[in-house]
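The listed protein sequences correspond, in order, to chains A and B. Residues in the first sequence are numbered consecutively from 98, following the working numbering. Residues in the second sequence are numbered consecutively from 98, following the working numbering.
Number of protein chains: 2
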Amino acid sequence: MTGRSPGEQVTIADVARHAGVAASTVSYVLSGKRTISATTRGRVLASVRALGYHPHAGARALASRKANVIALVLPLRTGMQVPVVMRFATAVVTTARRHDHDVLLVTADEGPAGLHRIAGSALVDGVLLMDVELEDSRVPLLRELALPGVLIGHPADSTGLACVDLDFRRAGELCVEHLAAAGHRRIALLGAPAAVYDRGTGFAHRTRAGVRAAAERLGVDAVTRPCEEGPAAVRRDLEALLADHPDVTGLVVQNESAVGPVLATLPLLGRRVPGDTSVVAICPDELAEQSGLTCVPVPAEEVGRQAVALLMRRLSGEPVPEVTLLEPHLTVRDTSR
Amino acid sequence: MTGRSPGEQVTIADVARHAGVAASTVSYVLSGKRTISATTRGRVLASVRALGYHPHAGARALASRKANVIALVLPLRTGMQVPVVMRFATAVVTTARRHDHDVLLVTADEGPAGLHRIAGSALVDGVLLMDVELEDSRVPLLRELALPGVLIGHPADSTGLACVDLDFRRAGELCVEHLAAAGHRRIALLGAPAAVYDRGTGFAHRTRAGVRAAAERLGVDAVTRPCEEGPAAVRRDLEALLADHPDVTGLVVQNESAVGPVLATLPLLGRRVPGDTSVVAICPDELAEQSGLTCVPVPAEEVGRQAVALLMRRLSGEPVPEVTLLEPHLTVRDTSR
DNA sequence: CTCGATCGTCGAAGCGCTTCGACGGTCGAG
DNA sequence: CTCGACCGTCGAAGCGCTTCGACGATCGAG
Numbered sequence: 098m099t100g101r102s103p104g105e106q107v108t109i110a111d112v113a114r115h116a117g118v119a120a121s122t123v124s125y126v127l128s129g130k131r132t133i134s135a136t137t138r139g140r141v142l143a144s145v146r147a148l149g150y151h152p153h154a155g156a157r158a159l160a161s162r163k164a165n166v167i168a169l170v171l172p173l174r175t176g177m178q179v180p181v182v183m184r185f186a187t188a189v190v191t192t193a194r195r196h197d198h199d200v201l202l203v204t205a206d207e208g209p210a211g212l213h214r215i216a217g218s219a220l221v222d223g224v225l226l227m228d229v230e231l232e233d234s235r236v237p238l239l240r241e242l243a244l245p246g247v248l249i250g251h252p253a254d255s256t257g258l259a260c261v262d263l264d265f266r267r268a269g270e271l272c273v274e275h276l277a278a279a280g281h282r283r284i285a286l287l288g289a290p291a292a293v294y295d296r297g298t299g300f301a302h303r304t305r306a307g308v309r310a311a312a313e314r315l316g317v318d319a320v321t322r323p324c325e326e327g328p329a330a331v332r333r334d335l336e337a338l339l340a341d342h343p344d345v346t347g348l349v350v351q352n353e354s355a356v357g358p359v360l361a362t363l364p365l366l367g368r369r370v371p372g373d374t375s376v377v378a379i380c381p382d383e384l385a386e387q388s389g390l391t392c393v394p395v396p397a398e399e400v401g402r403q404a405v406a407l408l409m410r411r412l413s414g415e416p417v418p419e420v421t422l423l424e425p426h427l428t429v430r431d432t433s434r
Numbered sequence: 098m099t100g101r102s103p104g105e106q107v108t109i110a111d112v113a114r115h116a117g118v119a120a121s122t123v124s125y126v127l128s129g130k131r132t133i134s135a136t137t138r139g140r141v142l143a144s145v146r147a148l149g150y151h152p153h154a155g156a157r158a159l160a161s162r163k164a165n166v167i168a169l170v171l172p173l174r175t176g177m178q179v180p181v182v183m184r185f186a187t188a189v190v191t192t193a194r195r196h197d198h199d200v201l202l203v204t205a206d207e208g209p210a211g212l213h214r215i216a217g218s219a220l221v222d223g224v225l226l227m228d229v230e231l232e233d234s235r236v237p238l239l240r241e242l243a244l245p246g247v248l249i250g251h252p253a254d255s256t257g258l259a260c261v262d263l264d265f266r267r268a269g270e271l272c273v274e275h276l277a278a279a280g281h282r283r284i285a286l287l288g289a290p291a292a293v294y295d296r297g298t299g300f301a302h303r304t305r306a307g308v309r310a311a312a313e314r315l316g317v318d319a320v321t322r323p324c325e326e327g328p329a330a331v332r333r334d335l336e337a338l339l340a341d342h343p344d345v346t347g348l349v350v351q352n353e354s355a356v357g358p359v360l361a362t363l364p365l366l367g368r369r370v371p372g373d374t375s376v377v378a379i380c381p382d383e384l385a386e387q388s389g390l391t392c393v394p395v396p397a398e399e400v401g402r403q404a405v406a407l408l409m410r411r412l413s414g415e416p417v418p419e420v421t422l423l424e425p426h427l428t429v430r431d432t433s434r
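Written out as structure tokens, the structure is:
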């Protein structure tokens, strides 16, 4: 029984009165910023529980100049790998909570103005930027606002920033190395939608670069081609690719929505997998697992966790590395040989 | 040039000084809660722009007892229709911003404790609850905390609540009516994963009920069966279904991940679509459009908009209807006859 | 012309919290 | 023993904003 109607804010003064101490003492117990005797601490904590006290977020933000909230700026537009984004978001929220922070969801459509608003109103202490382009307009703004930020993906110039990403270049190389080792001499990358390349999205460009570099190094042929979304489009793009390059026997797919249709279409084109054609994907692991697909998993959770951890370190003033690249790994399943 | 280092908070006092008025006057200009002469207002607004002033969210929340933030409580667990959730989230953020509110992302894993925390700390003014189950533990809590909330989906007992949802019962009926009108006498519902039914998730149960009711009313046979995710699982469940009920000629699919595989599998079973078997889905429209699928679209955006609008009305003390059901519509494409 | 309304503005009082400086009380070193 | 250092606690001052009451000025009605 709290003796208060629900919805009424329990204040630190209530707790102090209940425990017979000063409000500041309660604050120090909760923050641990000054030593408090075990007895007093025990009494205070008991009162906190008894009253169901939660500090008023606004008041705390005002006094301490920290909101304990971070912003997650999501793309939410076409061409995005939706499930990846989702799993990533989950990891971010969970990790942030573990660091006693909440997550504000901001859509990229709000653009730079959104960042201005958020920074100016002290709504958040820092931002996580997803879907970063090679030349991203938000990046200079971040520098200018002196708003602590961590980027998912990395822009061309990462000076003074903190970026986390799967090493997509290496992932591309890995796929080609795997196929080349299995004896494939002609390899094709069926990539993201053209719009994604046009936007200059890092992961697409870097993967392509990795594929090309590895192919050159290993002396195999590699062609690359964007691929639109939707079963019909995938099928069309795949057929066109194989019509132009009929001698391709190794396929690297980096497009979530293409995985299913590619696997369904190849047999119809008279190509058995992996007998005639090997398929390797860069995609979430569950998706690949469902189809027994050889893949380089995109570790969305791990990226999310790392990103939050980096941001937390920045918020506490620690220096952090500019670029954190996660090492990709290839999981061999049934679609490659 | 603001004359302040970036990251320094511009306060209302700065604006007041710059405009030569009192701080309270600035506040009234911005809130419109008292009449201010056009000249003064103009001067103040100019200063606001010149200094790039954004009110400090915490201070504002403290003084006004409104955070101008709503919480979006997302499931983020298996069996969810991920793209739907995503589009929904986008609509929520966009609509909320239009009402001058931000959105805090909360995962359902935090459970009731999360709601307590959020309510107690005045972090948010209200909550949007997704993925509501028929008997949802968060619902009584919402009542108890007197926390304004809007549910997406609706629980068995919606007294005193506000719920928004597509009328899934009607959607189920619509599909059956369409198939029956085309002459199909034996119809099957290939539904959500079994876990979704077991959780008592409203949309799955209501759709099934609608299918059964319409079938009975129209005198056609209807069988229903859950369907797991992933191409292989879908194929297996579909084959089992058709083995048990070979005379089924009309298929209702309510499972995003099943749409593609179902369409791919039917021809392999010697069933041409729509010649031998008609397929109708309840799924996002883009997904259906890609495959030329007859469907009842799930209007994620519309639900998101409505939900936010309802919450805003609740926050301003207006009474709102307990249940808002969106009328489903069937779009005929190439997979049904 | 005077008086009450009305309008536009101001000053001050908090909102609930953190944090700084201060102050008694202990305790160990000299 | 005495004195300084330290420990545990308190009171007060603000953080930036909203909002209430007050107050001069303006204006129309009597």
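Don't be surprised by glycine CBs; every beta carbon is placed ideally from N, CA and C.
Given a cut-off of 9 Å, decide if B:A289 and B:P323 are closer than it, judged by their beta-carbon atoms.
-> yes
Residue-level contact to chain B via CB, A:G246, 9 Å cutoff = no
Within 9 Å (strictly less), CB to CB, does A:G297 reach chain B?
-> no
Return the first residue and the last residue of the alpha helix (DSSP H) that B:A337 is part of.
-> P328 to D341
Contacting residues, own chain, Cβ-Cβ under 6 Å from A:G176 (five flanking each side not counted) = Since pLDDT at A:G176 reaches only 47, below the 50 mark, its modelled position is unreliable, and no value is offered.
Selected residue, minimal CA-CA separation from B:V181, among B:V356, B:D334, B:P396 and B:M409 = Here the closest residue by C-alpha is B:P396.
Relative to the C-alpha of B:A186, which residue among A:L201, A:A188, A:T191 and A:S354 is closest?
-> Ranking the options by Cα distance to B:A186, first place goes to A:L201.
Could you tell me the distance, in whole angstroms, from the CA atom of A:L384 to the CA atom of A:L335?
-> 19 Å
Among B:D262, B:D222, B:V112 and B:L423, which residue has its Cα nearest to the Cα of B:A168?
-> B:D222
Measure the C-alpha to C-alpha separation of A:R305 and A:T321 and round it to an integer number of angstroms.
-> 7 Å
Kindly identify the DSSP beta-bridge partner or partners of A:C260.
-> A:L248 and A:V420
A:G208 versus B:V261: straight-line alpha-carbon distance, rounded = 30 Å
Counting only the same chain and skipping the five closest in sequence on each side, list residues whose C-beta sits under 8 Å from that of A:H115.
-> When the five nearest sequence neighbours on each side are left out, the beta carbons in the same chain lying within less than 8 Å of the beta carbon of A:H115 are those of S144, A147 and L148, in order along the chain.
Cα separation between A:P381 and A:P394?
-> 5 Å
Please check the pair A:L212 and A:V224, which I expect to be a contact at CB under 8 Å, by giving their CB distance rounded to whole angstroms.
-> 7 Å
Does the ligand COA have even one heavy atom less than 8 Å from the beta-carbon of A:L248?
-> Here there are no bound small molecules, and the ligand COA is not part of this structure.
Are any of the Cβ atoms in chain A nearer than 9 Å to that of B:H151?
-> yes
Integer Cβ distance of B:V331 from B:A301, believed to fall under 8 Å = Between B:A301 and B:V331 the Cβ distance is about 16 Å, and since that is not below 8 Å, they are no contact.
Which of helix, strand or coil DSSP assigns to B:G367 | Coil at B:G367, not helix or strand.
Meets three-Cβ-pair contact criterion under 8 Å: the segment 399-409 of chain B and the segment 186-196 of chain B = yes
In terms of residue numbering, what span does the alpha helix (DSSP H) encompassing B:C272 cover?
-> F265 to A278
Which whole-angstrom value is the C-beta distance of B:S375 and B:A253, which I expect to be below 8 Å?
-> 33 Å between Cβ atoms; not a contact.
Inter-residue spacing [alpha-carbon to alpha-carbon] between B:R194 and B:S124 | Roughly 21 Å separates the two Cα atoms.
Which one or two residues does DSSP pair with B:D199 in a beta bridge?
-> B:V166
Per DSSP, what kind of secondary structure is B:P358 in: helix, strand or coil?
-> Note: B:P358 maps to helix in three-state DSSP.
Express the C-alpha separation of B:S255 and A:A259 in angstroms, rounding to a whole number.
-> 47 Å
Under 8 Å Cβ to Cβ from B:V359, same chain only, skipping five residues before and after it: list those, please.
-> L287, V331, L335, L348, V350 and V376
Who does B:C380 pair with in a DSSP beta bridge?
-> B:P394
What are the boundary residues of the beta strand (DSSP E) that includes A:L224?
-> Residue identity check: residue 224 of chain A is Val in the sequence provided, not Leu. Per DSSP, A:V224 belongs to the beta strand (DSSP E) from G223 to L226.
Under a CB-based cut-off of 9 Å, is B:S128 close to chain A?
-> no
Who are the near neighbours of A:G155 in its chain, counting only those whose CB is closer than 6 Å to its CB and skipping five residues on each side?
-> none
Given that a residue counts as buried once 16 or more other Cβ atoms are within 10 Å of its Cβ, and exposed if not, what is A:M183?
-> buried
Can a CB atom of chain B be found closer than 9 Å to the CB of A:P328?
-> yes
For A:L220 and A:A164, believed in contact at Cβ under 8 Å, the rounded distance = Contact check for A:A164 and A:L220: beta-carbon distance about 6 Å, within the 8 Å limit, so the pair qualifies.
Interface flag, A:R411 vs chain B, CB-CB below 9 Å | no
Would a C-beta distance cut-off of 9 Å place B:V317 and B:H275 closer than the cut-off?
-> no
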